[in-house]
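Visitor: Just add 1 to the spot in the sequence shown (first one is 1) and you have this note's numbering.
Sharing a structure with you now.
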Amino acid sequence: MAFQKAVKGTALIGGGAIATVFGLSQFSQYRNKHGALVQVQAEEEVPVRQSQLPSREQQLLALQNSGEFDVLVIGGGATGCGCALDAATRGLKTALLERDDFSSGTSSRSTKLIHGGVRYLQKAIMKLDFEQYRMVKEALEERAHLLQSAPHLSAPLPIMLPIYKWWQLPYYWVGIKLYDLVAGSQCLKSSYVLNKTRALELFPMLRRDKLVGAIVYYDGQHNDARMNLAIALTAARYGAATANYTEVRHLLKSADTGSGRQRVCGVRCRDVLTGKEFDVRAKCVINATGPFTDSVRKMDDEEVPNICQPSAGVHIVMPGYYSPDNMGLLDPATSDGRVIFFLPWEKMTIAGTTDSPTDVTSHPIPTEEDINFILSEVRNYLGADVEVRRGDVLAAWSGIRPLVTNPDSKDTQSLSRNHVVTISDSGLITIAGGKWTTYRAMARDTIDAAIREHNLKAGSCRTMGLQLEGAHDWSPTLYIRLVQDYGLESEVAQHLASTYGDKAFEVAKIAQVTGKRWPIVGKRLVSEFPYIEAEVVYGVKEYARTAVDIISRRTRLAFLNVQAAHEALPRIVDIMAKELNWCEQKKKEQLETAKTFLYYEMGYKVKTDQLTDSSEISLVPSDIERYKKRFHMFDKDKKGFITILDVQRVLQSISVQIDENTLHEILNEVDLNKNGQVELNEFLQLMSAIQKGRVSGSRLAVLMKSAEEKLRRRQPIPVDRSGGGL
2 MAFQKAVKGT ALIGGGAIAT VFGLSQFSQY RNKHGALVQV QAEEEVPVRQ
52 SQLPSREQQL LALQNSGEFD VLVIGGGATG CGCALDAATR GLKTALLERD
102 DFSSGTSSRS TKLIHGGVRY LQKAIMKLDF EQYRMVKEAL EERAHLLQSA
152 PHLSAPLPIM LPIYKWWQLP YYWVGIKLYD LVAGSQCLKS SYVLNKTRAL
202 ELFPMLRRDK LVGAIVYYDG QHNDARMNLA IALTAARYGA ATANYTEVRH
252 LLKSADTGSG RQRVCGVRCR DVLTGKEFDV RAKCVINATG PFTDSVRKMD
302 DEEVPNICQP SAGVHIVMPG YYSPDNMGLL DPATSDGRVI FFLPWEKMTI
352 AGTTDSPTDV TSHPIPTEED INFILSEVRN YLGADVEVRR GDVLAAWSGI
402 RPLVTNPDSK DTQSLSRNHV VTISDSGLIT IAGGKWTTYR AMARDTIDAA
452 IREHNLKAGS CRTMGLQLEG AHDWSPTLYI RLVQDYGLES EVAQHLASTY
502 GDKAFEVAKI AQVTGKRWPI VGKRLVSEFP YIEAEVVYGV KEYARTAVDI
552 ISRRTRLAFL NVQAAHEALP RIVDIMAKEL NWCEQKKKEQ LETAKTFLYY
602 EMGYKVKTDQ LTDSSEISLV PSDIERYKKR FHMFDKDKKG FITILDVQRV
652 LQSISVQIDE NTLHEILNEV DLNKNGQVEL NEFLQLMSAI QKGRVSGSRL
702 AVLMKSAEEK LRRRQPIPVD RSGGGL
């Protein structure tokens, strides 16, 4: 009864606020419907889409030999690729340069949400800020566009807001209903209220005590790096000359014939992979470099003040059992006032983000402090029976948000992500700020400004309703054809369909025969993930040129499980070497570079920091004796250490076979000083770290315990990774 009264009271409280927003929403819906008709007509005028994707080598030749471009975009993130696609579909001669890989920066390190921003709407209402309202409204419109333009890479996601105080129910209900109302006809699904029982049915991991109920609303979720790549590939198919690993060295300028002023007319760039330098001329140069916005602006004018204040956001990935398969969680007010999302993603659970000022760097590193903050907030919302362990962190990364701000501002948490388009005296156009969801609108505004400033001959924006790479012939049941036509595992087929869309058939065609009865084709890179070797070959066709490109952006293995990515690296490098004609030295360099990337940028370092030579052994005497006995089962000669030969001898005695490479990997996880053997002290440190929850899923610990039991009861020994992580 009290719950029903609270809901009724909520309706009365929210009525005034809803009426306030209603008129604006109705006007926006009318404008959107009218605009949609214009876009349908405009799409008919889009240039012909190329059926064959140009190679990177062909793109570099086009950059060097095509004369002057209308538009040259610097930056291959979501916004830069969006600008290239917008310009190309308007018929403008377009080029794009990215010094690293497409989506190598912020665009691949997001929360994976396509959203309007619930907290921004709250600020808009509380502060009567119409600009914030407009930003949310635009983001919700763009959310609908993204979900429609690449349905294979994105989908609606219900997100639960748990309520632990009665007064919060009407407060948050009004806010969420306003969020639905602002979305108007673009609302994905209507939000709804749950009582305590129903909330726990849908999210059984929730903390039960004092739970009043919950509110569920809908936003979108996507595979951010693959979405960015889809935009880049679509731009290339519409004629844009796009090249990754092509660095801008400096801007080119020439005197304007009319005014005599120096105007930007192109760039001097360098192919990072070969070292070759060349000029690319363009009527208009666009700076879309995200956190590096000011560094490009200073190429134009060293005295220009900064307009970008970077903010670091850390995310962690945990095993999928921490959240339901299709329900996210929002913590609207953490202990320090930030917002934390807890979301299912790629059959894992992603949690984040933090928000703190940072320096601009190409290689942001997650810190142990940020990881522990997120874990602490997660513990506050999960039940006491769910032990949130530090060792269950499978991967961690930091991304830098390019927030637009006054240089004197110090509090990045109070900033919105509105975008700004600026034009320098020399004609350099800069697009800065914004958010992933609004990339298309940002690109539209940027190209509109370019056309006005540089008198380019082009029509209006034609990207609304434009389908991205892989979306044209995709359907939710496409994966069934992959299973039936090619003999792929169902899980692999679903993964290919949701990653490549209608291009999944091209991946399936080059998949290797397994030699098994089933699956017929599709050799996995690692056993517990659906990524197959054919994706490495296809990734090269998608402009992947390093092992890091494959593990982090063509596949998402590094973002899902850093240890699995580490184990897959040798095979990935071997496949890429055949495709790109790498010598042995090049293979070694690629392997080491990728390992360094995993170690620092994806959380492998903080994993190893949990178990070091100086790790404290805090075991009671009885546990120490028990673990010593287990260790000495393998160390029959009382050497004080065990090697792969010791493990093989025990396994042979109980008729268990494990291939030598797997055994090397298992021992290497615990071999702290990397001398090819696991010493007793290292083993005790491991067991102590497992008891504390700092390490989980150690295959050596599982194997040795199982071997002990096998000798007694003759049971099989599991050696697959058990879901533990960093």
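We treat Cβ as the ideally placed atom computed from N, Cα and C, and that holds for glycine.
Values in this document were obtained by computation on a predicted structure and should not be read as measured data.
(1) In the DSSP output, what is residue 196 paired with across the bridge?
(2) Sorted by chain position, which residues of the same chain lie with C-beta nearer than 7 Å to residue 538's C-beta, five sequence neighbours on each side aside?
(3) Tell me, which residues are paired with residue 319 by DSSP?
(4) When we look at the beta-carbon of residue 204 and count the other beta-carbons within 10 Å, is it buried (16 or more) or exposed?
(5) Closest to residue 293 by C-alpha separation, out of 286, 309, 282, would be which residue?
(6) Only counting the same chain, and skipping five residues up and downstream in sequence, which positions put a Cβ closer than 8 Å to that of residue 155?
(7) Residue range of the beta strand (DSSP E) that residue 288 falls in?
(8) Across which residues does DSSP place residue 272 in a beta bridge pair?
(9) With C-beta atoms as the reference, is residue 594 less than 7 Å away from residue 401?
(10) Residues in the same chain with beta-carbon distance under 8 Å from residue 454, minus the five sequence neighbours each way, listed in chain order, please.
(11) Restricting to runs no shorter than 4 residues, where is the alpha helix (DSSP H) found entirely within the stretch 417-472?
(12) Residues in its own chain within less than 7 Å of residue 433 by CB, not counting five upstream and five downstream?
(13) Does residue 398 pass the burial test, meaning 16 or more other C-beta atoms within 10 Å, or should it be called exposed?
(14) Roughly how many angstroms lie between the CA atoms of residue 707 and residue 379, to the nearest whole one?
(15) Alpha carbons only, please: which of 199, 297, 435, 265 is nearest the one belonging to residue 139?
(16) Taking only the alpha-carbon atoms, compute the straight-line gap between residue 623 and residue 630 and give it to the nearest angstrom.
(17) Is residue 150 helix, strand or coil when you go by DSSP?
(18) Take residue 452 as the anchor and find which of 71, 352, 56, 357 has the nearest alpha-carbon.
(19) May I ask you to list the residues that DSSP assigns as paired with residue 254?
(20) Curious, which full-length alpha helix (DSSP H) runs of at least 4 residues does the stretch 494-557 contain?
(21) Kindly indicate which three-state DSSP category residue 223 falls into: helix, strand or coil?
(22) According to the Cβ coordinates, are residue 242 and residue 64 closer than 7 Å?
(23) Measure the alpha-carbon distance for residue 460 versus residue 530 and round it to whole angstroms.
(24) Can you grab the Cα-Cα spacing for the pair residue 654 / residue 642, in whole Å?
(25) Kindly list the residues whose CB is nearer than 7 Å to the CB of residue 137, restricted to its own chain and excluding five residues on each side of it in sequence; keep chain order.
(26) Residue 177 by DSSP, collapsed to three states: which one?
(27) Starting from residue 394, trace the alpha helix (DSSP H) in both directions and tell me its first and last residue.
(28) Which same chain residues, not among the five before or five after residue 51, have their C-beta less than 6 Å away from its C-beta?
(29) Would you mind giving the Cβ-Cβ distance between residue 251 and residue 264, rounded to the nearest angstrom? I have them listed as a contact below 8 Å.
(30) How many whole angstroms separate the CB atoms of residue 231 and residue 212, which I take to be in contact at a CB cut-off of 8 Å?
(31) Identify the residues that DSSP records as bridge partners of residue 309: which are they?
(32) If you drop the 5 nearest sequence neighbours on each side, which residues of the same chain put their C-beta closer than 8 Å to that of residue 13?
(33) Just to confirm before moving on: does the CB-CB distance between residue 681 and residue 635 stay below 7 Å?
(34) Cα-Cα, which of 157, 439, 466, 605 is closest to residue 143?
(35) Whose C-alpha, out of 388, 600, 567, is nearest the C-alpha of residue 663?
Guide: In short, the structure shows the following:
(1) Taking the sequence shown and counting its residues from 1, the one referred to as residue 196 is at position 195. Looking at the DSSP assignment, residue 196 forms a beta bridge with 214.
(2) Reading the sequence shown from its first residue, position 537 is the one you call residue 538. Taken in chain order, the residues that qualify are 511, 576, 580.
(3) For the purposes of this step, residue 319 is taken as residue 318 along the sequence shown, with counting starting at 1. Answer by DSSP bridge pairing, in chain order: 350.
(4) On the sequence shown, position 203 is the one that residue 204 refers to. Residue 204 should be labelled buried.
(5) Here residue 293 refers to the residue found at position 292 when the sequence shown is read from its first residue. Ranking 286, 309, 282 by Cα distance to residue 293 puts 309 first.
(6) Within the sequence shown, numbered from 1, the residue matching residue 155 stands at position 154. Excluding residues within five positions, the ones whose Cβ falls inside 8 Å are 115, 147, 148, 221, 222, 223, 224, 228.
(7) Walking along the sequence shown from the start, residue 288 turns up at place 287. Residue 288 -> beta strand (DSSP E) spans 278-288.
(8) As a first step, residue 272 must be located in the sequence shown, where it is residue number 271. BP columns for residue 272 point to 247.
(9) Here residue 594 refers to the residue found at position 593 of the sequence shown. Here residue 401 refers to the residue found at position 400 of the sequence shown. At least 7 Å separates the beta-carbon of residue 594 from that of residue 401.
(10) As a working note, residue 454 is residue 453 in the sequence shown. Once the five neighbours on either side are set aside, the close Cβ partners of residue 454 are 285, 424, 428, 430.
(11) 440-455
(12) What you label residue 433 is simply residue 432 of the sequence shown in a count that begins at 1. Excluding sequence neighbours, residue 433 sits near 294, 308, 309, 403, 405, 420, 421.
(13) As a first step, residue 398 is located in the sequence shown; it is residue number 397 there, counting from the start. Result: buried.
(14) As a first step, residue 707 is located in the sequence shown; it is residue number 706 there, counting from the start. As a first step, residue 379 is located in the sequence shown; it is residue number 378 there, counting from the start. Computed Cα separation, rounded: 32 Å.
(15) Position 138 of the sequence shown, counting from 1, holds the residue named residue 139. Measuring from the Cα of residue 139, the nearest candidate turns out to be 435.
(16) In the sequence shown, the residue the question calls residue 623 occupies position 622. In the sequence shown, the residue the question calls residue 630 occupies position 629. Distance between the alpha carbons of residue 623 and residue 630 is about 11 Å.
(17) Locating residue 150 in the sequence shown gives position 149, counting from the first residue. It is helical.
(18) One-based indexing of the sequence shown puts residue 452 at position 451. It is 71.
(19) Residue numbering aside, residue 254 sits at position 253 when the sequence shown is read from its first letter. Residue 254 pairs with 265.
(20) 505-510, 535-542
(21) Residue 223 sits at position 222 when you count from the first residue of the sequence shown. Strand at residue 223.
(22) Within the sequence shown, numbered from 1, the residue matching residue 242 stands at position 241. Within the sequence shown, numbered from 1, the residue matching residue 64 stands at position 63. It is a contact, given that the beta carbons lie within the stated cut-off.
(23) Here residue 460 refers to the residue found at position 459 of the sequence shown. Here residue 530 refers to the residue found at position 529 of the sequence shown. Looking at the two C-alpha atoms, the distance is approximately 45 Å.
(24) Locating residue 654 in the sequence shown gives position 653, where the first residue counts as 1. Locating residue 642 in the sequence shown gives position 641, where the first residue counts as 1. Near 19 Å, if we compare the C-alpha coordinates of residue 642 and residue 654.
(25) The residue you call residue 137 lines up with position 136 of the sequence shown. Here the set comprises 117, 118, 121, 122, 125, 183.
(26) Start at 1 with the first residue of the sequence shown, and residue 177 comes out as number 176. Helix.
(27) As a position in the sequence shown, residue 394 is number 393, starting the count at 1. Careful: residue 394 lies outside any alpha helix (DSSP H) and carries neither H nor E.
(28) Position 50 of the sequence shown, counting from 1, holds the residue named residue 51. These residues qualify, in order along the chain: 238.
(29) Translated into the one-based positions of the sequence shown, residue 251 becomes position 250. Translated into the one-based positions of the sequence shown, residue 264 becomes position 263. Not confirmed; about 15 Å, so no contact.
(30) Position 230 of the sequence shown holds residue 231. Position 211 of the sequence shown holds residue 212. Not really, about 40 Å apart at Cβ, beyond 8 Å.
(31) Counted from its first residue, the sequence shown places residue 309 at position 308. Beta-bridge pairing links residue 309 to 405.
(32) Here residue 13 is taken as the residue at index 12 of the sequence shown, counted from 1. At residue 13 the pLDDT is 40, less than 50, meaning the model places this residue with poor confidence; the figure from the coordinates comes in the next sentence. Within the same chain, residue 13 has no close Cβ partners at all.
(33) Indexing the sequence shown from 1 puts residue 681 at position 680. Indexing the sequence shown from 1 puts residue 635 at position 634. No, Cβ-Cβ distance for residue 681 and residue 635 is not below 7 Å.
(34) For the purposes of this step, residue 143 is taken as the residue at position 142 of the sequence shown. For the residues 157, 439, 466, 605, the minimum Cα distance to residue 143 belongs to 439.
(35) For the purposes of this step, residue 663 is taken as the residue at position 662 of the sequence shown. Comparing Cα-Cα distances from residue 663 to each of 388, 600, 567, the minimum goes to 567.
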